[in-house]
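Colleague: Heads up: take any position in the sequence shown, counting from 1, add 1, and you land on my numbering.
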Amino acid sequence: MAPQRPPRCARPTFGGTVLVLVLIAATASALSPVDAHAQSLTDAELALEWQVAFTAYDLVEPHGAFPRWGLRRQVSRTISIDVNASIDYVFDAYSNIDNHVGRHALLQRVVNHREYEADGAVVREFTAIENLPVGGLAVPINTHAQQRIYADDHYYETDSWTAPGVITHQLIAFEEVAPGVTRITEYLTFEAEFLLIDYTVTNGVSSHQATLTGMKAAIEAGEF
Numbered sequence: 002m003a004p005q006r007p008p009r010c011a012r013p014t015f016g017g018t019v020l021v022l023v024l025i026a027a028t029a030s031a032l033s034p035v036d037a038h039a040q041s042l043t044d045a046e047l048a049l050e051w052q053v054a055f056t057a058y059d060l061v062e063p064h065g066a067f068p069r070w071g072l073r074r075q076v077s078r079t080i081s082i083d084v085n086a087s088i089d090y091v092f093d094a095y096s097n098i099d100n101h102v103g104r105h106a107l108l109q110r111v112v113n114h115r116e117y118e119a120d121g122a123v124v125r126e127f128t129a130i131e132n133l134p135v136g137g138l139a140v141p142i143n144t145h146a147q148q149r150i151y152a153d154d155h156y157y158e159t160d161s162w163t164a165p166g167v168i169t170h171q172l173i174a175f176e177e178v179a180p181g182v183t184r185i186t187e188y189l190t191f192e193a194e195f196l197l198i199d200y201t202v203t204n205g206v207s208s209h210q211a212t213l214t215g216m217k218a219a220i221e222a223g224e225f
């Protein structure tokens, strides 16, 4: 049975220390604050940007979790929805991030970099190209992520990093609550500078809620 708790934040895929952000900024100008540049990168450039973020975090991982001193804040939220379909069908459809394109409030496309098996999970590394609402405009951004899928236990985890230093941890659990009815529960933890945290949580939660609603409709319509 999938764990019914928020993801543990001691092991984000993308680092959050000052050193990590300095390394990323110094190594790849593509990780500068959001602008139209996010939409113009090739798939190969996005893969390099993803690897820079991962490598930078890997250098400081032994030093522990994202430090909470300074102006960083962390907020957790839990949302859920019931879907009228079998747990296996719901899990297969929902855990495939490609299916979220067109049903996610912000997601425009997904660039897949690598998929492999490790520690009992199918690991997927990808970059999501999203349009972030800023002052009434849609600003393209790159969200670099690693997803770990535990199909036997019907849950998956995703850690992601978005400039400027916004980190999201997700644990998405699937539970059969009645014959032919599956509950999807999303445990979300957002990390950002204190000036960004309210905006990050508000937009992040509303986006995930829209995804739940859109995916529920698509799954129940048998689109996958």
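All residues carry an ideal CB built from backbone N, CA and C; glycine is no exception.
1) For the structure I just gave you, are there three or more beta carbon pairs, one from the stretch 105-120 and one from the stretch 79-90, closer than 8 angstroms?
2) Since Tyr151 contacts Leu172 with CB under 8 angstroms, what's their CB separation in whole angstroms?
3) Quick one: Cα of Leu108 to Cα of Ile130, how far?
4) Here's a check: name, in chain order, each residue in its chain whose Cβ is nearer than 7 angstroms to the Cβ of Asp199, leaving out the five neighbours to either side.
5) Between Gln52 and Thr190, how many whole angstroms is the CB-CB distance? I'm expecting something under 8 angstroms.
6) Would Phe175 pass as a contact of Ile98 if the rule is Cβ separation under 7 angstroms?
7) In chain order, what residues of the same chain have a beta carbon less than 6 angstroms from the beta carbon of Ser208, not counting five sequence neighbours either side?
8) Beta-carbon within less than 8 angstroms of Ala179's beta-carbon, same chain only, minus the 5 sequence neighbours each way: which residues are those?
9) Based on Cα-Cα distance, which residue from Ile220, Thr201, Thr212 lies nearest to Val102?
10) Going along the chain, which unbroken runs of the alpha helix (DSSP H) with 4 or more residues stay wholly within the stretch 83-150?
11) According to DSSP, what are the bridge partners of Ala174?
12) Per the DSSP calculation, Val167 is bridged to which residue(s)?
13) Beta-carbon within less than 7 angstroms of Ala37's beta-carbon, same chain only, minus the 5 sequence neighbours each way: which residues are those?
14) Quick check: the Cα distance between Val206 and Thr186, rounded to an integer number of angstroms?
15) So, with DSSP's three-state summary, where would you put Glu50?
16) Quick check: the Cα distance between Leu197 and Asn204, rounded to an integer number of angstroms?
17) Do you know how far the Cα of Lys217 is from the Cα of Phe225?
18) At what residues does the alpha helix (DSSP H) containing Gly215 begin and finish?
19) Report yes if the CB atom of Ala146 is closer than 7 angstroms to the CB atom of Thr163, and no otherwise.
20) Quick one, which of Gln210, Ala86, Val167, Ala219 has its alpha-carbon nearest Val182's?
Modeller: For this structure:
1) No, the stretch 105-120 is not in contact with the stretch 79-90.
2) Between Tyr151 and Leu172, the beta carbon gap of about 10 angstroms keeps them out of contact (Cβ cut-off 8 angstroms).
3) When rounded, the distance between both Cα atoms is 6 angstroms.
4) Shown here for Asp199: not one same chain residue has a beta carbon closer than 7 angstroms to its own, the five before and five after excluded.
5) Rounded, the Cβ-Cβ distance is 24 angstroms, inconsistent with contact.
6) If you check the CB distance, Phe175 and Ile98 do not come in under 7 angstroms.
7) These residues qualify, in order along the chain: Ala106, Leu107.
8) There are no such residues.
9) The shortest Cα separation from Val102 among Ile220, Thr201, Thr212 belongs to Thr212.
10) Listed in chain order, they are 88-96.
11) DSSP lists Tyr156, Thr186 as partners of Ala174.
12) Note: Val167 sits in a beta bridge opposite Thr163.
13) Any answer about Ala37 is weak, because its pLDDT of 46 lies below 50 and its placement is not dependable; what the coordinates show is given next. Taken in chain order, the residues that qualify are Pro141.
14) Going from the Cα of Val206 to the Cα of Thr186 covers about 13 angstroms.
15) Of the three classes helix, strand and coil, the one that applies to Glu50 here is helix, per DSSP.
16) Rounded to the nearest angstrom, the two C-alpha atoms are 11 angstroms apart.
17) Straight-line Cα distance between these residues: approximately 11 angstroms.
18) Per DSSP, the continuous alpha helix (DSSP H) segment holding Gly215 begins and ends at 195-221.
19) It is not a contact, given that the beta carbons lie outside the stated cut-off.
20) When Gln210, Ala86, Val167, Ala219 are compared, the shortest CA-CA separation from Val182 is found for Ala86.
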